[in-house]
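Order-wise, the sequence lines are chains A and B. Take the numbering used here: the last position of the first sequence gets the number 241, and nothing is skipped along the way. Take the numbering used here: the last position of the second sequence gets the number 1014, and nothing is skipped along the way. For reference, the structure is listed below as structure tokens.
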Amino acid sequence: PILETRGWILVENSAIALKIDINPALVSEKALCGLIYWLADQEGERVIIGVCDDGWSHEVLPSRRLAQRRIVELVSACRRNRDGRFLASSAELAAARAAPFRALIAECGPTADRGRIADILRNGLADRYTAVRLDPGSGELIVEGMGEGYRGYAAGQRASILNGRVEDQPDYDYGRWVGDGFRQVLKQGTPLLEDVDAIINWPGAEPRRHLYTRLVLPIARKKGETWLLSASLERSDIDLR
Amino acid sequence: ESLLIDDEGRLRKY
Chain A
1 PILETRGWIL VENSAIALKI DINPALVSEK ALCGLIYWLA DQEGERVIIG VCDDGWSHEV
61 LPSRRLAQRR IVELVSACRR NRDGRFLASS AELAAARAAP FRALIAECGP TADRGRIADI
121 LRNGLADRYT AVRLDPGSGE LIVEGMGEGY RGYAAGQRAS ILNGRVEDQP DYDYGRWVGD
181 GFRQVLKQGT PLLEDVDAII NWPGAEPRRH LYTRLVLPIA RKKGETWLLS ASLERSDIDL
241 R
Chain B
1001 ESLLIDDEGR LRKY
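Here it is as structure tokens:
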């Protein structure tokens, strides 16, 4: 399952062949580099590639070089298909049913009050929020809290996201894109407010278009911890396509 | 021996 949902790669050097199981739609650039290095380190030439795409199919390649070329080709084809799935453009506070966002920005300053923030999230922003903590050791962004207002998550999926990395969403590409937004705010230290037009693929469901305005902002740090908060409002009047 | 390559490109034992 980890190959089907997270884009990790399973490799094995067996007596018969080098075996690689890969989901080209999800695999990350770094995983792909790791695979190329692993291939270069092996002996033997014959490679069996298991490709996950609505079930598994297998291809046998006579050499490592051809296998590498084939894998890069499979991944590139998927990348072309997902280009343009996640679009965003800067939103104006005035245009984005601004009051709750403005209140949130005001509350998340140095005198941040948890109770008031929770009230704004619940009553002004339909409980659509994600609270993320930077783990200083690993540099990962960990989801520490999540509102119940997000549609599309099954109960089990929600539980698996909590305490995990922000990138590990049921749609991993979407998770990486969301993670990029958090990291941008982390780097710049200023809130990000944007309109989003995203096509999200939840496992087992048809791709669905989600339109919303999102605010990502740093929350005042205490005890040296770094926290970020993302909140969003669904809006039917966004069209970035 | 089977190994996993994670999304950071690290090899992990399976």
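Just so it is clear, CB atoms sit at the ideal spot from N, CA and C, and this is done for glycine as well.
Would residue i be called buried (16 or more neighbouring beta carbons within 10 Å of its own) or exposed?
i               : result
G152 (chain A)  : exposed
E73 (chain A)   : exposed
I16 (chain A)   : exposed
L162 (chain A)  : exposed
S63 (chain A)   : exposed
E246 (chain A)  : The structure shown does not extend to residue 246 (chain A), since chain A spans only 1 to 241, so no value can be given for it.
S230 (chain A)  : buried
Y1014 (chain B) : exposed
T130 (chain A)  : buried
W56 (chain A)   : exposed
I22 (chain A)   : buried
Closer than 6 Å by C-beta to residue i: which residues in its own chain qualify, once you throw out the five before and the five after it? Chain order, please.
i              : result
C108 (chain A) : L217 and I219
R209 (chain A) : I199
L35 (chain A)  : I9
G156 (chain A) : none
Less than 7 Å between C-beta atoms, sequence neighbours within five positions excluded: which residues of the same chain meet that for residue i?
i              : result
E225 (chain A) : R133
R235 (chain A) : L211, Y212 and T213
G181 (chain A) : L192 and V216
L93 (chain A)  : F101, R102 and L193
E12 (chain A)  : K19
May I ask which residues mark the beginning and end of the alpha helix (DSSP H) holding residue i?
i              : result
E107 (chain A) : A99 to E107
S63 (chain A)  : Note, S63 (chain A): premise wrong, no alpha helix (DSSP H); not H, not E.
G34 (chain A)  : E29 to D41
T5 (chain A)   : I2 to R6
I20 (chain A)  : Note, I20 (chain A): premise wrong, no alpha helix (DSSP H); beta strand (DSSP E) at L18 to I22.
N123 (chain A) : R114 to N123
G50 (chain A)  : Looking at the DSSP string, G50 (chain A) is not in any alpha helix (DSSP H); the run it does join, the beta strand (DSSP E), is V47 to C52.
A155 (chain A) : A155 to I161
R208 (chain A) : Taken as a continuous stretch (DSSP letters only), R208 (chain A) belongs to no alpha helix (DSSP H), being part of the beta strand (DSSP E) at R208 to I219.
L26 (chain A)  : Taken as a continuous stretch (DSSP letters only), L26 (chain A) belongs to no alpha helix (DSSP H), as it is neither H nor E.
V166 (chain A) : No alpha helix (DSSP H) contains V166 (chain A), which DSSP labels as neither H nor E.
Using a C-beta cutoff of 7 Å, does residue i count as contacting chain B?
i              : result
V11 (chain A)  : yes
S76 (chain A)  : no
S230 (chain A) : no
S57 (chain A)  : no
G7 (chain A)   : yes
G204 (chain A) : no
L35 (chain A)  : yes
A31 (chain A)  : yes
S28 (chain A)  : yes
Please go through the same chain and pick out, in chain order, the residues whose beta-carbon is closer than 8 Å to the beta-carbon of residue i, but skip the five residues on each side of it.
i              : result
A99 (chain A)  : G124
G164 (chain A) : I142 and V143
D168 (chain A) : R6, S160, I161 and G175
For the beta strand (DSSP E) holding residue i, just list the boundary residues, first then last.
i               : result
W227 (chain A)  : W227 to E234
G145 (chain A)  : L141 to M146
N201 (chain A)  : Here N201 (chain A) belongs to no beta strand (DSSP E), and DSSP marks it neither H nor E.
K1013 (chain B) : L1011 to K1013
Y129 (chain A)  : Y129 to L134
L1003 (chain B) : S1002 to I1005
Would you say the beta carbon of residue i comes nearer than 6 Å to a heavy atom of the ligand FAD?
i              : result
I117 (chain A) : In terms of ligand content, the structure shown is empty, and the ligand FAD therefore cannot be addressed.
Closest Cβ-Cβ distance between residue i and chain D: below 7 Å?
i              : result
E140 (chain A) : Of the protein chains in the structure, A and B, none is chain D.
Chain B contacts from the segment 38-52 of chain A (Cβ-Cβ distance under 7 Å):
W38
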